[in-house]
Amino acid sequence: NLFARDLTDRTIFGWEFPASVLQSVNAGFIIILAPVFGMLWVALEARQVNPSIPAKAGLGLLGLAMGFFVLAWGATYIDEGTVGMQWLVVTYFFHSVGELCLSPVGLSSETKLAPDRLVSHMMGLWFMGSAIGNLISGLVTGYIETMPPWKIYMIVGANSAGAALLFLVMAPILSRRTKGIT
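In structure tokens form, the structure reads like this:
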């Protein structure tokens with residue numbers, strides 16, 4: 262939101278629209294791509310090549326990392342003024358792809374892997390994890406606000422890529438522990 266507000270040229274045909282409008286790009290990608298990903302997972306399952314839950318989580322984190330790397334790249338052009346909206350649109354595309362690999366798959370895994378009597382608790386823990394992640398993000402932001410934007414996004418992208426690689430490397434081991442549930 263801050264990148265959109267402070268560092269993005271939001272002018273089209275002489276009219277500058279609010280930064281909050283760019284938030285709808287992510288929602289639009291989710292609406293457009295959700296059926297595509299649903300069909301993709303079903304088609305891969307039919308061919309018995311569906312990635313495991315941990316592999317899908319790794320792919321989701323990889324999408325997140327790619328989005329932040331795009332944003333870091335775009336932020337290197339800030340010295341010349343604001344940057345075009347395409348940087349945010351491409352970032353939101355990768356983040357949406359990552360979200361579609363991670364979020365519905367993660368929620369589904371909670372219901373498949375949790376004991377019946379604990380499913381609702383596990384779903385609550387899933388959302389609590391997101392809340393704690395947002396809290397940590399806010400706390401860390403206070404320490405890094407003096408860094409140039411490209412460096413912040415590069416660090417976040419690198420951390421996301423590291424987590425993605427960890428999930429992808431651990432996927433075979435975790436898949437055996439989940440007894441092949443996808």
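All you need for our numbering is the position in the sequence shown, starting with 1, plus 261. For every residue, glycine included, the Cβ atom is placed at its ideal position computed from N, Cα and C. It should be emphasised that the depicted structure is a prediction, and the values quoted were computed from it without experimental measurement.
Decide if L320 is buried, meaning its Cβ has at least 16 other Cβ atoms within 10 Å, or exposed. Taking the first residue of the sequence shown as position 1, residue 320 is located at position 59. Buried is the call here.
When you compare only the Cα positions, how much space is there between G367 and N420? To locate residue 367, count along the sequence shown from 1; it is residue 106. To locate residue 420, count along the sequence shown from 1; it is residue 159. Between G367 and N420, the C-alpha separation is close to 20 Å.
Compare the beta carbon distance of V282 and V350 with 8 Å and say whether it is the shorter of the two. Position 21 of the sequence shown, counting from 1, holds the residue named residue 282. Position 89 of the sequence shown, counting from 1, holds the residue named residue 350. Not in contact: V282 and V350 (Cβ atoms no closer than 8 Å).
Can at least three beta-carbon pairs, one atom from the region 301–314 and one from the region 419–437, be found at a separation below 8 Å? yes
Just to confirm, are F329 and Y404 a CB contact at a threshold of 8 Å? The residue labelled residue 329 in the question sits at position 68 within the sequence shown. The residue labelled residue 404 in the question sits at position 143 within the sequence shown. Contact flag unset, no.
For my contact list, P446 and A336 are in at a C-beta cut-off of 8 Å; report their separation, rounded to the angstrom. The structure shown has nothing for residue 446, since the chain only spans 262 to 443.
Ends of the alpha helix (DSSP H) at N311? Numbered from its first residue, the sequence shown carries residue 311 at position 50. Element bounds for N311: n/a, residue is neither H nor E.
Taking buried to mean at least 16 other C-beta atoms within 10 Å of its own C-beta, is H382 buried or exposed? Stepping through the sequence shown from its first residue, residue 382 is reached at position 121. Per the 10 Å Cβ criterion, exposed.
Consult DSSP for E277 and reduce its assignment to one of helix, strand or coil. Position 16 of the sequence shown, counted from the first residue, corresponds to residue 277. Strand at E277.
With distances taken between CB atoms, is the gap from T269 to T343 smaller than 8 Å? As a first step, residue 269 must be located in the sequence shown, where it is residue number 8. As a first step, residue 343 must be located in the sequence shown, where it is residue number 82. Yes. Within cutoff.
Determine the closest residue to G394 out of V417, V297 and Q309, with distance taken between C-alpha atoms. Here residue 394 corresponds to residue number 133 of the sequence shown, with the count starting at 1. For the residues V417, V297 and Q309, the minimum Cα distance to G394 belongs to V417.
Extent of the continuous alpha helix (DSSP H) run through L400: Mapped onto the sequence shown, residue 400 falls at position 139. L400 -> alpha helix (DSSP H) spans V380 to I405.
In angstroms, rounded to a whole number, what distance separates the CA positions of S364 and E277? Here residue 364 refers to the residue found at position 103 when the sequence shown is read from its first residue. Here residue 277 refers to the residue found at position 16 when the sequence shown is read from its first residue. Looking at the two C-alpha atoms, the distance is approximately 33 Å.
Cβ separation of F290 and F388, assumed to be a contact under 8 Å, to the nearest whole Å: For this step, residue 290 is matched to residue 29 along the sequence shown. For this step, residue 388 is matched to residue 127 along the sequence shown. Rounded, the Cβ-Cβ distance is 22 Å, inconsistent with contact.
In terms of residues, what are the limits of the alpha helix (DSSP H) holding V282? The count along the sequence shown starts at 1 and reaches residue 282 at position 21. Premise fails: V282 is in no alpha helix (DSSP H) and is neither H nor E.
List the DSSP bridge partners of V344. Position 83 of the sequence shown holds residue 344. Partner(s): T269.
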